[in-house]
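Counting the sequence shown from 1 gives a position; this note's numbering is that position plus 33.
The beta-carbon is built from N, C-alpha and C at its ideal position, and this holds for glycine as well.
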Amino acid sequence: MEALIRGGGRLSGIEAALSQTFKALPKNSRGRLSPRGVRYLVHGYFAKEHGWLIRGLEPHGMQANTSEVHEASILQDRAPALVEALLEARQADRGLALEDVVAMVAALERLIFDESIQLLEAAYSLNYLTTEGPMDEGELHEVLRSYLLVFEMGMRSNLSDARKHQAIKRKLERAGGSYLTLVEFEEDAVRNFGFAHSHRMNPFADPQYTFQAASHIVEDLAQAYGKWQNAECRQMKEELIKLDVDGDGRVPLSSFYAQPETSSYQFTESREYLQTIGALDETVSSTPRVRIANYMLGPSNCIASSSYYSVCCLSECEAILNELEGTVQAPTAPATRLLGIVANLTSSSYAPEAPRQLPEDLRDKIHVIAERHGGEAPLHGRLFAQWLHSAFPQECPYPHMHENTDVLSPGHWLNSGSVTAPKEERARTIDQAGNATEEAYQAAEAQPQALEWSDDEILPLEEPAQRSRVALGGNAARLAVQLAVLLALLRAAFSG
């Protein structure tokens with residue numbers, strides 16, 4: 034627990050980011066979140082704010098049986114007392130209030146920032162420096178650039194071979210390109226730190242930076258990194274949208290593979306990989322198409338994979354759903370209300386000056402979903418996610434049902450040889466599409482595009498009707514107090 038009891042006024046910012054979604058989630062009789070609701074809230078916060086995919090809290094893949102917060106690897110390794118208290122609170126069916134979840138998020142965030150400090154120590158060593166003495170500004174820049182490089186390489190990085198690391202840096206400097214963007218990001222962080230601490234610096238002397246100062250800058254870099262690197266995700270998506278001739282969030286697999294050598298992006302993921310993660314629409318088997326939103330959120334676009342988390346592309350759909358949650362402030366809503374809200378939502382592909390008129394089949398679908406659930410559609414079920422995908426196909430992923438959600442984590446594919454399609458396979462796919470007859474194209478054009486739809490419903494936040502309980506007896510109050518004390522301790526530490 035000692036690692037958690039550190040760090041400044043983060044609680045108010047975290048609470049502001051969580052409060053709208055918290056209001057929209059199902060609660061127990063005490064007005065608290067169940068374990069599944071807590072997991073959803075914590076996963077969504079890190080995905081939206083940092084692009085972090087935390088090991089143990091990967092996407093649930095629309096499964097009824099999902100993991101819970103205590104299964105996050107970093108908590109199990111670094112905060113076992115908190116894990117034990119969470120397990121006991123689960124058995125007592127206590128649930129967590131908003132302030133409890135805020136403290137939990139702050140604890141996880143703190144633990145991940147602490148891992149960044151360990152990488153900073155390695156970056157010192159890779160530049161033949163020790164953490165005891167101060168650095169000049171030139172040395173600081175070199176250390177921070179090394180930190181970002183080993184951070185991006187994740188588990189593939191060699192933290193002990195300084196000579197090899199320096200050779201890689203020099204090669205990247207000569208090549209320019211994305212390395213120059215990384216340098217700008219790092220230099221901006223140093224400038225921001227200098228501005229924030231200018232009152233402590235001697236204007237008549239060259240600045241010197243202690244390990245503590247470098248740690249502050251690294252924490253800022255780690256916190257901002259996800260949103261910064263998402264600029265590349267946006268550029269990649271723009272390339273894919275150019276290939277989406279129908280505007281339905283799908284790219285023919287042949288076009289996906291046929292990017293010219295001069296293009297900014299060459300897409301090489303195999304058909305097997307795309308099928309496995311749910312990014313391949315094979316409604317028409319002869320013309321498979323890549324779902325843009327599913328592909329963008331797939332593990333092949335995650336970087337900086339450590340033993341505890343990866344940095345992935347930010348989900349635009351999270352922002353759309355958050356806006357809905359903030360307006361509805363309930364777990365369910367009538368179809369007419371949802372239609373009115375969605376008609377006025379904006380996204381990267383929709384910015385209507387007047388309320389948007391959704392297609393008739395889509396308007397009918399939301400009424401069917403609501404009727405199936407007694408008059409109101411659940412915001413966090415599979416059918417509503419499918420409806421959002423149809424309304425915002427370039428932003429929201431199709432809710433593919435996965436038998437094994439491990440396939441959505443970068444670690445699953447780390448040593449797999451099936452992510453990238455061989456050049457011959459890609460060429461064959463392109464040739465097969467090129468051999469299609471003109472008559473086949475005309476027939477496809479004449480047939481109206483059917484809405485991709487499955488009536489399978491899953492409510493991943495719904496707790497089982499019968500939860501097995503241990504015979505807690507008089508221990509129930511003690512368990513509740515134990516967790517309450519731990520969370521109160523965390524709140525006090527982070528608000529100090």
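DSSP links Ser343 through a beta bridge to Leu86. For Gln256, the closest C-alpha among the options Val344, Leu182, Val216, Ser287 is that of Val344.
Taking Phe289 as reference, the option from Ala229, Thr301, Phe425, Gly282 with the minimal CA-CA separation is Thr301.
Rounded to whole angstroms, the gap between the alpha carbons of Asp314 and His83 is 29 Å. According to DSSP, Arg322 shares a beta bridge with Pro285, Asp314. In the three-state scheme derived from DSSP, where H, G and I count as helix and E and B as strand, Tyr78 is classed as helix.
In this structure, DSSP gives Pro411 an extended state, which the three-state scheme calls strand. In the structure shown, the three-state DSSP call for Ala366 is strand.
If you ignore the 5 residues before and after Glu252, its C-beta comes within less than 7 Å of the C-beta of Phe146, Ser149, all in its own chain and listed in chain order. Take the alpha-carbon of Val135 and the one of Glu142: they are about 10 Å apart. Look at Thr54 here: in three-state DSSP terms it is helix. Going by C-alpha positions, Tyr342 is about 16 Å away from Ser348.
Annotation for His174: the continuous alpha helix (DSSP H) segment containing it runs 170-186.
Restricting attention to Ile374, Glu117, Pro432, the CA atom closest to the CA of Ala326 is found in Pro432. Judged by their CB atoms, Gly280 and Arg324 are not nearer to each other than the 8 Å cut-off.
Using a C-beta cut-off of 8 Å, the region 185-205 makes no contact with the region 165-174, since fewer than three inter-stretch Cβ pairs fall below that distance. In this structure, the straight-line span from the alpha carbon of Val102 to that of Glu206 is close to 41 Å. Annotation note: the region 193-245 contains the following uninterrupted alpha helix (DSSP H) runs of length 4 or greater, listed N- to C-terminal: 195-208, 211-229.
Cα atoms of Arg304 and Ala454: separation of roughly 7 Å, rounded to the nearest angstrom. Gly359: member of the alpha helix (DSSP H) spanning 349-361, first to last residue.
Going by DSSP, Ile107 is part of the alpha helix (DSSP H) stretching over 106-111. Taking 8 Å as the upper bound for CB-CB distance, Gly414 and Glu490 are in contact here, some 6 Å apart. Bounds of the alpha helix (DSSP H) holding Ser158 are 131-159. Boundaries of the alpha helix (DSSP H) around Pro443: 443-446.
For His406, no alpha helix (DSSP H) encloses it, and the DSSP letter there is neither H nor E. Under the three-pair Cβ rule at 8 Å, the region 412-428 counts as touching the region 374-388. When the Cα atoms are used, Ser106 and Pro385 turn out to be separated by approximately 43 Å. Rounded to whole angstroms, the gap between the alpha carbons of Arg396 and Thr369 is 9 Å.
Check the Cα spacing between Thr309 and each of Glu219, Gly70, Ser449: the tightest is with Ser449. Looking at the DSSP output, Ile336 shares a beta bridge with Val344. Rounded to whole angstroms, the gap between the alpha carbons of Ala366 and Glu358 is 10 Å.
Per the coordinates, the alpha-carbon of Arg88 lies some 19 Å from the alpha-carbon of Ser190.
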